[in-house]
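Residues -14 to 352 in the numbering used here are what the sequence shown spells out, letter by letter.
For glycine and all other residues, C-beta sits at the position ideal for the given N, C-alpha and C.
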Amino acid sequence: MVATQSPTTKVTRKLNVEVNGIVIGCGTNSRVLDAVREAGFDVPTLCYDERNGPQGTCRMCLVDVEVDGQMQQVAACTAFTSDGMSVTTHSDNITEYRKTILEMLLSETASPVNCPKCESFKKCELHVAAEEYDAKWDAFPSLVPREKAVDDNPFIQRDYDYCISCFRCTIICNDWEQAGAITVKGRGQDNSIASYFNNNLLESPCTFCGQCINTCPTGALTDKKIVGTVKAENLERTKTICPYCGVGCGIHLLSEDGELKGTEPDFDAPSRGSLCVKGQFASWEFVKSGERLKYPLIKENGSFRRASWDEALDLVTSKFTEIRDETGPDSLVCWSSARTVTEANYLMQKFARIGIGTNNIDNCSRT
Ligand code: SF4
Ligand code: SF4
Ligand code: FES
-14 MVATQSPTTK
-4 VTRKLNVEVN
6 GIVIGCGTNS
16 RVLDAVREAG
26 FDVPTLCYDE
36 RNGPQGTCRM
46 CLVDVEVDGQ
56 MQQVAACTAF
66 TSDGMSVTTH
76 SDNITEYRKT
86 ILEMLLSETA
96 SPVNCPKCES
106 FKKCELHVAA
116 EEYDAKWDAF
126 PSLVPREKAV
136 DDNPFIQRDY
146 DYCISCFRCT
156 IICNDWEQAG
166 AITVKGRGQD
176 NSIASYFNNN
186 LLESPCTFCG
196 QCINTCPTGA
206 LTDKKIVGTV
216 KAENLERTKT
226 ICPYCGVGCG
236 IHLLSEDGEL
246 KGTEPDFDAP
256 SRGSLCVKGQ
266 FASWEFVKSG
276 ERLKYPLIKE
286 NGSFRRASWD
296 EALDLVTSKF
306 TEIRDETGPD
316 SLVCWSSART
326 VTEANYLMQK
336 FARIGIGTNN
346 IDNCSRT
């Protein structure tokens, strides 16, 4: 029999696009923003979160494009590339245009000096762009403040004096998380972000997943437990996995001087930044609990005393053996934990099945 060569998929890049003099090949459905980034450049994208898709509302990503001798300005996040397109990301006109937009946005927000996100996490996207374009906060008359949110929940600090109406929060809440907890209220300059009925998140469908905090490009939405307790310049991030359940979402532990302060989602993990309320707001607090067991305890005469591991394990072995011999292996059950690693769970079921001789083994994250 003659061996045939296995078929291969040939990916053909069809469009040649030039970005600031660098020619790259693009797929037919690629946006101008993809081409700009692939060529190694960047533009500010205040209303863009790739999970939400392009909105085209902030106009910060505007670039000059030339196709067949025709010049035009397009929003890079929404416009598609075409063959022979030439893109210029930082012409004098565009740079001045971005600076003016930023100054208008800054005029709608409270002082950058007190921005909660910049103060406790890392510089927010709005203030990073403002610094880059030397945009002044007081270039236009101030339009602050906005309607205050009912600040009743234990997790999310809402300070809409920093809101730029990009609507990333409402889109991520409704389309990505499918929670439908927040929406846009009012029109034009009077618009604001609100939860349904009385703007009380605790009485809304909010699951406190934290996605709105993490997509918000300003200090309007922040983690209430952390903000004000740390300085952004001291904050260290450690990449790890949320220990709460077996799904294993990616997180960063936030610490200052070796002390745990909170968590943030890891957008590079397969979970792409999604977390539940436990991962977002509570996956670190038990580490500091005064009730945490740190060594074996044996209960004698109604109270616990500290024991060595050898003593504790010998006692457990003798009790298990006694019960199994008296009433049979199925009178015992083993519960394993989603907070341990897969290998430990594997060993636990081996212990149940082979060590004790029962199939009574379960785990809260079995699927
Ligand atoms: S925490 Fe999650 S569910 Fe609640 S408003 Fe924000 S995105 Fe919506
Ligand atoms: S709260 Fe943040 S994410 Fe929501 S519209 Fe305002 S600036 Fe955008
Ligand atoms: S990022 Fe493109 S219009 Fe806002």
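Any heavy atom of ligand 5 inside 7 angstroms of the beta-carbon of residue i?
i    : result
P130 : Absence of ligand 5 from the depicted structure is noted, with ligand 1, ligand 2 and ligand 3 being the only ligands included.
Confirm the yes/no value for this check: CB of residue i, any heavy atom of ligand 3, distance under 7 angstroms.
i    : result
D87  : Asp is not the amino acid found at residue 87; the sequence shown has Leu there. Result no, Cβ not under 7 angstroms from ligand 3.
C32  : yes
A115 : no
Q40  : yes
A64  : no
R44  : yes
A217 : no
A61  : yes
Quick one: grab the DSSP three-state call for residue i.
i      : result
N1     : strand
F140   : coil
P250   : strand
G167   : The sequence given here has Ile at residue 167, not Gly. Three-state DSSP puts I167 in a strand.
W320   : strand
G10    : strand
L260   : coil
S274   : coil
R153   : helix
A115   : helix
S105   : helix
E162   : coil
A267   : coil
R131   : coil
A120   : coil
R290   : strand
K279   : coil
D299   : helix
D146   : helix
N330   : helix
R172   : coil
D347   : strand
V(-13) : Note that V(-13) has pLDDT 46, beneath the 50 cutoff, so the model's placement of it is unreliable and the number below is only indicative. The answer is coil: DSSP assigns V(-13) none of H, G, I, E or B.
Considering only residues of the same chain and omitting the five flanking positions on each side of residue i, which have a CB-CB separation below 8 angstroms?
i    : result
M45  : V28, P29, T30, L31, C32, R83, I86, L87 and A114
N183 : V135
I353 : Within the shown structure, residues of the chain are numbered from -14 to 352, placing residue 353 beyond reach of any answer.
M56  : D49 and V50
Excluding the 5 residues preceding and the 5 following residue i in the sequence, name in chain order all residues of the same chain whose CB lies nearer than 6 angstroms to its CB.
i    : result
F106 : A217
F289 : L282
Q196 : I157 and E162
T223 : L238
A24  : V4, I7 and I9
E117 : none
S15  : T66
A166 : C158, S180, S189, P190 and C191
C201 : C154
S71  : E3 and E51
Ligand 1 and residue i: does any heavy atom of the ligand fall closer than 7 angstroms to the residue's C-beta?
i    : result
I384 : For the chain, the structure presents residues -14 to 352; residue 384 sits outside this window and is missing.
E93  : no
F271 : no
T343 : no
G231 : no
R252 : Inspection of the sequence shows that residue 252 is occupied by Phe rather than by Arg. False, no ligand heavy atom lies under 7 angstroms from that Cβ.
C158 : yes
T168 : no
A297 : no
A164 : yes
F193 : yes
Excluding the 5 residues preceding and the 5 following residue i in the sequence, name in chain order all residues of the same chain whose CB lies nearer than 7 angstroms to its CB.
i    : result
S67  : L0 and V52
T400 : Outside the shown range of the chain, which is -14 to 352, sits residue 400, and nothing can be said about it.
A297 : P281 and I283
S127 : S92
K263 : Y229
G41  : A60, C62 and T63
*How would the residue list near ligand 2 read, in chain order, if you kept each one whose beta-carbon is closer than 7 angstroms to any heavy atom?*
Those residues, listed in chain order, are Y145, Y147, C148, I149, S150, C151, F152, R153, C154, T155, I178, C197, T200, C201, P202, T203, A205 and L206.
*Whole beta strand (DSSP E) runs in the stretch 197 to 237 with 3 or more residues, listed along the chain?*
Look at the stretch 197 to 237 and you find these whole runs of beta strand (DSSP E), each 3 residues long or longer: 206 to 208 and 221 to 226.
*For the stretch 22 to 101, which segments carrying the beta strand (DSSP E) assignment without a break, of at least 3 residues, lie completely within its bounds, in sequence order?*
Counting only runs of 3 or more residues that sit fully inside the stretch 22 to 101, the beta strand (DSSP E) segments are 47 to 52, 55 to 60 and 71 to 73, in chain order.
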